[in-house]
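Chemist: Residue numbers (full-length UniProt numbering), protein chains in the order written: chain A, 1 to 447; chain B, 1 to 402. Beta carbons are placed, not taken as given, at the ideal position from N, Cα and C, and that holds for glycine. Before I ask anything, here is the structure I am working with.
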Amino acid sequence: MADFKSATAGSLTLTRPCVKCRAQEATLDSRSQAVCRDCFTKFISAKCIKQIGILGKETRPPPSTTNGPPTGTRRYLLGLSFGVSSTVLLHLLNDNVEFQLARGRSAPFELTVIHIDDTPDNQTDHDHPSPSSTAAASEIILAQYRARYPRFTFHSVPLSSALANDPLEPSSSSSSSSSSSLPPPPRLKEAAATTPTAAITMSNTMSTTTTAASRSDLERQLTRRALLAQARARRCQALLLGHSTTALAETALAEAAKGRGFAVPWLVGDGAAPSTSPPLEGGEEGAGGGGVNNEDAGAGVVLVYHPLRDALRKELVTYAGLVDPPLTDLIDGGVQDSKNGGSPRAAAGAAVVSHKDLSIEEVMRRYFAEVEENYPSVVANVARTTGKLVRAGEGAVDGERCGLCGMPLDKDGDERWRGELGIQERTGTGPGFGNRLCYGCERSTAG
Amino acid sequence: MAPVLCANCKTERALIKRPKNHAKLCKACFITVFEDEVHHTITSSQLFYPGEKVAIGASGGKDSTVLASVLKTLNERHGYGLELVLLSIDEGIKGYRDDSLETVKRNAVQYDMPLTVVGYDELYGWTMDQVVETIGKKGNCTYCGVFRRQALDRGAKMLGIKHVVTGHNADDVAETVLMNLLRGDLARLSRSTSIVTGDDQSEVKRSKPLKYSYEKEIVLYAHHKKLDYFSTECIYSPEAFRGSARGLIKQLERVRPTAILDIVRSGEDMARLVPGDSPSSCACKGQNTASSAPVEDDIGGCGSSSGRTPGNEMAAMDKQLRENEAHEELEIDVAKAMSERKLNGSEKQRDLPIRNGNSASKGVARQVRGNCKRCGYMSSQDICQACMLLEGLNKNRAQIQI
């Protein structure tokens with residue numbers, strides 16, 4: 001009762017005061033509370049800052065090369081899909097840096113933003129290294145991002161770089177056309193020459209996968225792989241992904257539905273990514289936290305964090321519209337499709353009729369959109385509990401990880417599964433990834 | 001256009017496109033392949049030993065009818081040396097069980113297997129129709145499931161049989177995996193995926209030989225073998241989480257037929273990843289809504305595939321979780337903050353956050369098997385779930401009578 005009185009007394013002129021500040025008119029509903037615009041944006045921002053703070057503790061600045069006191073800053077890499085979630089994350093990170101600078105502190109981290117260009121045209125054209133029209137399109141969108149966030153560096157990298165020996169090569173060639181920062185001299189021929197196997201492998205893989213589900217799955221795995229390769233090549237300590245609570249819950253169930261249950265804890269939780277280089281003697285055991293500081297081990301260990309893990313997708317969509325000027329101008333190059341937070345091109349096929357054109361991810365996205373609307377806490381619970389699963393195969397070396405997605409192989413599971421189902425091992429059809437594939441990748445490369 | 005030949009024998013015309021992998025097979029090859037796969041499951045998991053007496057939980061529906069038929073065939077073909085009997089439960093649902101029990105009786109003759117029928121009324125003093133009358137149409141699947149599970153075990157015990165096989169198929173297992181993921185119930189996830197539950201020490205062990213068989217293939221098998229089964233779904237609706245998971249499975253199967261088996265595989269793998277002291281959803285205080293479902297492995301509610309009730313269970317769990325969140329915000333978890341500081345270097349530890357002090361101290365590692373104090377049935381609690389439910393029902397009945 002007293003609570004009610006004070007509320008009315010403090011806000012006589014308001015018809016529906018914000019339950020948090022009681023000073024402004026509530027215009028939004030946030031987790032069944034009526035709040036004002038300012039409190040809502042603060043709420044979302046706080047969710048992100050909290051996670052960034054946790055990450056900051058994990059990634060203390062690397063020691064200087066001259067054995068002096070640590071002088072460097074943290075280096076993060078942000079994966080930008082041009083979708084809602086990653087754009088909101090970019091915006092919040094920028095806010096965070098500006099806030100620190102305004103208080104006279106140094107920037108808390110350096111950020112490189114990478115867009116993985118997975119447009120199919122770009123893939124097929126990669127043999128002929130003329131900048132394709134779609135690659136140019138992503139550069140145009142990227143230019144808008146650069147203009148709005150001049151503090152950070154942006155690059156567009158083709159998906160095929162996931163399989164390249166030197167992930168920086170193709171990226172420098174493709175971004176040289178319009179990169180505002182000093183571009184390396186164009187070396188298109190050499191760039192193409194260093195990655196022919198990757199390009200061929202890629203196009204082979206993509207053409208042999210006939211179903212939308214498999215294509216979408218492989219794109220997802222390769223995008224992640226490409227981002228991690230960029231993070232390693234650019235000596236970043238952490239890869240930041242824009243996944244919302246909803247996206248994490250979707251990931252958990254979608255990966256389970258694709259037979260990747262073993263990898264779910266790696267994909268949904270925060271922490272070190274499975275390293276690609278063979279472990280350096282001794283250094284790898286404690287690599288989870290402490291090893292990151294080590295410059296040598298740093299090349300192999302990249303943390304993957306999801307700073308927006310505590311915000312629902314619908315909240316991020318709302319947030320994107322509240323920022324001034326709205327982020328909706330940027331997202332997907334200004335194309336309005338607020339529903340899709342993950343990959344912008346999946347939204348293009350919103351009017352899909354045939355099930356054959358749907359991906360597993362798309363089914364999950366639709367399903368969780370419904371659950372999120374009615375039972376938001378159930379969504380959050382899925383993301384939270386699946387993140388608690390144990391990460392098996394943490395110290396796996398090269399031969400023990402999938403040649404495609406890079407996740408540890410589940411030998412026990414494979415053995416038992418073959419035994420119980422009598423499945424014949426696929427022979428001679430490996431699409432050239434060298435190593436063995438995990439169950440999920442075998443599924444998707446089989447067509 | 002030349003007719004497509006069977007991918008297996010390459011002589012007959014292919015008539016069947018396998019739902020599992022879209023292989024085109026002739027009728028005979030399909031039946032053989034289906035049986036061979038079940039045989040493989042049985043041998044690789046070493047489900048039976050020669051001379052074992054096995055009760056088939058028979059409902060008269062497609063799954064259990066196919067199971068009975070396949071087991072009879074395989075038992076004769078491969079000389080398992082099993083003594084097979086049919087065991088049926090009469091839940092007391094008018095218009096559902098009456099007819100299906102007739103089917104089971106015919107099956108008993110067709111397969112030359114002895115049949116025993118156990119009624120809910122003899123076992124519990126309640127028929128399902130009476131239960132529904134008392135508690136309404138929502139949430140009664142919990143009662144039915146708990147009662148049935150015990151009924152099968154008690155029936156088997158009566159017959160001196162220690163092994164009951166049930167007709168749960170791959171779709172059922174996949175559904176349970178997704179349902180437990182949705183519920184955030186890791187403890188149950190790890191229990192629900194195994195092909196055998198219970199072991200030599202427990203009085204009655206259970207297994208599901210059709211665990212890797214697609215529901216659609218079971219229907220096809222029944223159709224082509226011209227099996228006599230009863231196809232009416234339970235008239236009461238499934239609980240919301242299960243219904244929701246079921247709808248999702250069907251959509252996934254349409255997009256990618258292998259998804260069902262892939263989920264089963266994922267479920268088995270994830271079961272091995274459940275942290276030892278997993279704080280299951282029921283570890284926290286007062287969460288009686290979501291965890292009131294059967295504590296024991298509760299795979300496959302009942303045969304119904306209709307009815308996606310936007311259920312109260314989901315809403316109740318959502319509400320409960322939201323309240324927990326609100327409370328958590330007011331709490332400062334000193335233990336966690338300290339352990340975090342201590343374990344800063346060790347990534348593995350950090351990923352298994354302790355929810356709060358109370359779940360940690362409880363340490364619900366693995367359930368300890370004991371016996372129910374009322375009925376003597378094996379139970380991890382003092383009083384088994386069936387007796388708990390019965391107590392609630394009997395209270396209500398008393399009130400109504402007054």
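1) I'd like to know whether the C-beta atoms of threonine 65 of chain B and tyrosine 212 of chain B end up nearer to each other than 8 Å.
2) If the criterion is Cβ atoms closer than 8 Å, does the pair histidine 224 of chain B and valine 54 of chain B meet it?
3) With a threshold of 8 Å on Cβ separation, who are the neighbours of leucine 189 of chain B within its own chain once the five nearest residues in sequence on each side are excluded?
4) When burial is assigned at 16 or more other CB atoms within 10 Å of the CB, is alanine 14 of chain B buried or exposed?
5) Hey, lysine 258 of chain A and aspartate 98 of chain B are a contact pair by Cβ (cut 8 Å); roughly how many whole angstroms apart?
6) Between the stretch 298-317 of chain A and the stretch 241-254 of chain A, do at least 3 Cβ pairs fall closer than 8 Å?
7) What does glutamate 268 of chain B reach in chain A if we use C-beta pairs closer than 8 Å?
8) Given 8 Å as the limit, is there contact between the stretch 88-95 of chain A and the stretch 250-257 of chain A, that is, 3 or more CB pairs closer than that?
9) Below 9 Å on C-beta distance, what does arginine 225 of chain A contact in chain B?
10) Just to confirm the assignment, what range does the beta strand (DSSP E) spanning leucine 239 of chain A have?
11) Buried or exposed: where does valine 173 of chain B fall if 16 or more other Cβ atoms within 10 Å of its Cβ makes it buried?
12) Quick one: list the residues of chain B neighbouring tyrosine 305 of chain A, beta-carbon separation under 7 Å, in chain order.
13) Please list, in chain order, all residues of the same chain as proline 408 of chain A whose beta carbon is under 7 Å from its beta carbon, the five residues on each side excluded.
14) My output table needs one value for asparagine 169 of chain B: the three-state DSSP class, helix, strand or coil.
15) Just grab the DSSP bridge partners of serine 379 of chain B for me.
16) Identify every residue that forms a DSSP beta bridge with proline 325 of chain A.
17) Going by CA-CA distance only, name the one from B/Gly139, B/Ile161, B/Glu37, B/Gln381 that's closest to glutamate 313 of chain B.
18) With 9 Å as the C-beta to C-beta threshold (strictly closer), list the residues of the stretch 151-181 of chain B near chain A in chain order.
19) Could you name the residues of chain B that isoleucine 52 of chain A contacts, counting a contact when the two beta carbons are closer than 8 Å?
20) Can you give the Cα-Cα distance for isoleucine 89 of chain B and threonine 166 of chain B, rounded to whole angstroms?
21) According to DSSP, simplified to helix, strand and coil, what is asparagine 293 of chain A?
22) If you count every other CB in all the chains shown that lies within 10 Å of the CB of alanine 155 of chain A, and 16 or more means buried, which is it?
23) Using a Cβ cut-off of 8 Å, pull out every chain B residue sitting near valine 410 of chain A, in sequence order please.
24) Indicate whether the contact test is met: 3 or more Cβ pairs, each with one atom in the stretch 76-92 of chain B and one in the stretch 237-253 of chain B, closer than 8 Å.
25) In the structure shown, what three-state DSSP assignment does serine 69 of chain B receive?
26) Which residues of chain A have a Cβ atom closer than 9 Å to the Cβ of leucine 186 of chain B, listed in chain order?
27) Can you say whether asparagine 21 of chain B is buried or exposed, counting buried as having 16 or more other CB atoms within 10 angstroms of its CB?
28) Going along chain B, which residues have a C-beta under 7 Å from glutamate 439 of chain A?
29) Just list the residues that DSSP pairs tyrosine 305 of chain A with in beta bridges.
30) Does the Cβ of histidine 306 of chain A have 16 or more other Cβ atoms within 10 Å, making it buried, or fewer, making it exposed?
31) I need the straight-line Cα distance from glutamate 372 of chain A to arginine 254 of chain B, nearest angstrom please.
32) For the stretch 97-107 of chain A against the stretch 219-232 of chain A, do three or more pairs of beta-carbon atoms, one drawn from each stretch, fall closer than 8 Å, so that the two count as touching?
33) Could you give the residue range of the alpha helix (DSSP H) that holds arginine 188 of chain B?
34) Buried or exposed: glycine 440 of chain A, going by 16 or more other Cβ atoms within 10 Å of its Cβ?
35) May I have the straight-line CA-CA distance separating glutamate 442 of chain A from cysteine 36 of chain A, to the nearest angstrom?
36) Look at the Cβ atom of tyrosine 111 of chain B, then the Cβ atom of asparagine 169 of chain B, and state whether they are nearer than 8 Å.
Modeler: So, from the data block:
1) no
2) no
3) Val177, Asn180, Leu181, Gly267, Met270, Ala271, Val274
4) Answer is buried; the Cβ neighbour count reaches 16.
5) The pair is not a contact, with the Cβ atoms about 43 Å apart (cut-off 8 Å).
6) yes
7) Gly261, Gly413, Arg416, Trp417
8) Contact annotation: the stretch 88-95 of chain A does not touch the stretch 250-257 of chain A, with fewer than three C-beta pairs closer than 8 Å.
9) Correct list: empty, because the minimum Cβ distance to chain B is about 20 Å.
10) 238-240
11) Counting the other CB atoms within 10 Å of its CB gives valine 173 of chain B a total of 16 or more, which places it among the buried residues.
12) Near tyrosine 305 of chain A there are no residues of chain B at all, since even the closest Cβ is about 12 Å away, more than 7 Å.
13) Hits under 7 Å: Pro274, Ala392, Gly393, Ala396, Glu400, Arg401.
14) In this structure, asparagine 169 of chain B counts as coil in the three-state DSSP scheme.
15) Beta-bridge analysis with DSSP links serine 379 of chain B to B/Gly370.
16) Paired residues: none, contrary to the question.
17) Looking only at B/Gly139, B/Ile161, B/Glu37, B/Gln381, the smallest Cα-Cα distance to glutamate 313 of chain B is reached by B/Gly139.
18) Ala174, Val177, Leu178, Leu181
19) Result: empty, since nearest Cβ-Cβ is about 16 Å, beyond 8 Å.
20) 12 Å
21) Because the pLDDT of asparagine 293 of chain A is 41, which lies under 50, any placement of that residue in the model is unreliable, and the question is left without a value.
22) The sequence shown places histidine at residue 155 of chain A, rather than the alanine named in the question. It is buried - the Cβ of histidine 155 of chain A has at least 16 other Cβ atoms within 10 Å.
23) The sequence as given places aspartate at residue 410 of chain A; valine does not occur at that position. Going along chain B in sequence order, the residues near aspartate 410 of chain A (Cβ under 8 Å) are Asp269.
24) no
25) helix
26) Thr385, Thr386, Lys388, Leu389
27) exposed
28) A small correction: the amino acid at residue 439 of chain A is tyrosine; glutamate does not occupy that position in the sequence shown. Per Cβ cutoff of 7 Å: Arg265.
29) A/Leu240
30) With 16 or more other Cβ atoms within 10 Å, it is buried.
31) 23 Å
32) no
33) 186-192
34) buried
35) 50 Å
36) no
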